[in-house]
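Going down the list, the sequences are from chains A and B.
Going from the first sequence to our numbering is simple: count from 1 and add 2.
Going from the second sequence to our numbering is simple: count from 1 and add 5.
Quick reminder that beta carbons are idealized off the backbone N, C-alpha and C, glycines included.
One structure below.
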Amino acid sequence: MNSLPMAVSLNGERRELATGTTLDTLVAEFTATGAGVAAAVNEAVVPRSRWAQTPLGEGDRIEVLTAVQGG
Amino acid sequence: MSDDRLTIGDTSFDSRLIMGTGGASSLDVLERSLIASGTELTTVAMRRLDPTVQGSVLSVLERLGIRVLPNTAGCFTAGEAVLTARLAREALGTDWIKLEVVADERTLLPDPVELLDAAETLVDDGFTVLPYTNDDPVLARRLQDAGCAAIMPLGSPIGSGLGIRNPHNFQLIVESAQVPVILDAGAGTASDVALAMELGCSAVMLASAVTRAQEPVLMAEAMRYAVEAGRFARRAGRIPRRHFAEASSPMAGMAALDPERPAF
């Protein structure tokens, strides 16, 4: 397993991750359950069921969203 | 359960007041306002997850048993709005979306071209779409033809509290609508809400008018009754407007009590 760092954008901030990091690992840093949370990689929704099978790559743009007060 | 329910898509509601959650000073005030309003459907926005934020609007809505209606607030293009809707569906497990695509930050007025484009895409994708739209009868018809489940025209700009600036357009929209017409944006106080219902709106959506009132919980209760009063008045059928008076007491049988006036 290659652990060289790669740079991604996470909610608009630069993050360095080990190469091969998958989306579920990254989201788990934010929230234990993932309830009420959705993620997009490079402007495409990734369903929760596929987070563990979604490896992140250099330069990926990741958005992790939830519901807040609004409207 | 009343016999006069609001039906949107395949779901019916006893309450005809849709509340937003934006602008509340705290989750506690929000919760008490939601209870006072009697709402059964409440909007939330989708934003970047901030792990430092304590408490969640979702847990409040879940505790109160209120259905969540995600919106696409802040989106300026159809593409952004469609992606936001899909993220909301994934996060919240609902295919209902309050579709907002605005043209600029100063007015927050809907961009009709982007709005219709997004509505068509989302309807095709299986969403129940409730679009925030201009008070334009033609655009309302186009949105309905696109398969939207309701039409949500603005009374006046979001947060302005200017009420319904063009009641005539609301009448035109209501007359040709086969789906619920819901006043969205502009309500400032209870009379605005009652007017919307008297004009034939099926429901009212508001947030700022309650959350930014000096006493939000009291205003929420006022809005609840205003919706009901306006709805009752609409169903009852108002009297026609007249130019001159029409006495409500009979003239026949009047006594002769004025010595200046001949008794016969």
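As assigned by DSSP and simplified to three states, the class of residue i
i	result
B:P172	helix
B:R236	helix
B:M210	strand
A:T66	Thr is not the amino acid found at residue 66 of chain A; the sequence shown has Val there. DSSP places A:V66 in strand when its eight states are reduced to three.
B:I187	strand
B:M228	helix
A:E60	coil
A:T27	helix
B:M202	helix
A:Q71	strand
B:P274	Any property of residue 274 of chain B remains undetermined from this structure, which presents chain B solely from 6 to 269.
B:T89	helix
B:S20	coil
A:V10	strand
B:P115	strand
A:V43	strand
B:L262	coil
A:A34	coil
B:G25	strand
A:R16	strand
B:I40	helix
Distance CB(residue i)-CB(residue j) smaller than 9 angstroms
i	j	result
A:V47	B:L92	yes
A:R50	A:A40	yes
B:A155	B:D122	no
B:S38	B:T194	no
B:L22	B:L144	no
B:D189	B:A214	no
B:L63	A:T68	yes
B:L177	B:L148	no
A:G36	B:S61	no
B:V118	B:E85	no
B:V184	B:C153	yes
B:I169	B:G191	yes
B:D19	B:L11	yes
B:L167	B:N139	no
A:A30	A:R17	no
A:V43	A:T56	yes
Beta-carbon separation (whole angstroms), residue i vs residue j, contact threshold 8 angstroms
i	j	result
B:L54	A:F32	5 angstroms
A:E45	B:L127	With a Cβ gap of about 16 angstroms, A:E45 and B:L127 do not count as contacting.
B:A238	B:E203	5 angstroms
B:M224	B:I187	Rounded, the Cβ-Cβ distance is 19 angstroms, inconsistent with contact.
B:A124	B:P142	Rounded, the Cβ-Cβ distance is 16 angstroms, inconsistent with contact.
B:A108	B:D116	4 angstroms
- Task: Indicate whether the contact test is met: 3 or more Cβ pairs, each with one atom in the segment 73–91 of chain B and one in the segment 18–34 of chain A, closer than 8 angstroms.
- Result: no
- Flag this pair as touching only if the segment 49–66 of chain B and the segment 234–251 of chain B have three or more C-beta atom pairs under 8 angstroms; answer yes or no. no
- Item | Cβ pair count under 8 angstroms reaching 3, the segment 64–73 of chain A against the segment 22–37 of chain B | yes
- Message: Can you confirm whether the segment 123–133 of chain B touches the segment 161–171 of chain B when touching is taken to mean that 3 or more C-beta pairs between the two stretches lie within less than 8 angstroms?
- Response: no
- Item | 4 or more residues per run - each alpha helix (DSSP H) lying fully within the segment 125–160 of chain B | 142–150
- Is the segment 223–233 of chain B touching the segment 252–267 of chain B in the sense that three or more CB pairs, one from each, lie closer than 8 angstroms? no
- Task: Jot down the residue ranges of each uninterrupted alpha helix (DSSP H) in the segment 42–70 of chain B, minimum 4 residues, whole runs only, in chain order.
- Result: 62–69
- Does the segment 214–233 of chain B come close enough to the segment 31–44 of chain B to have 3 or more Cβ pairs within less than 8 angstroms? yes
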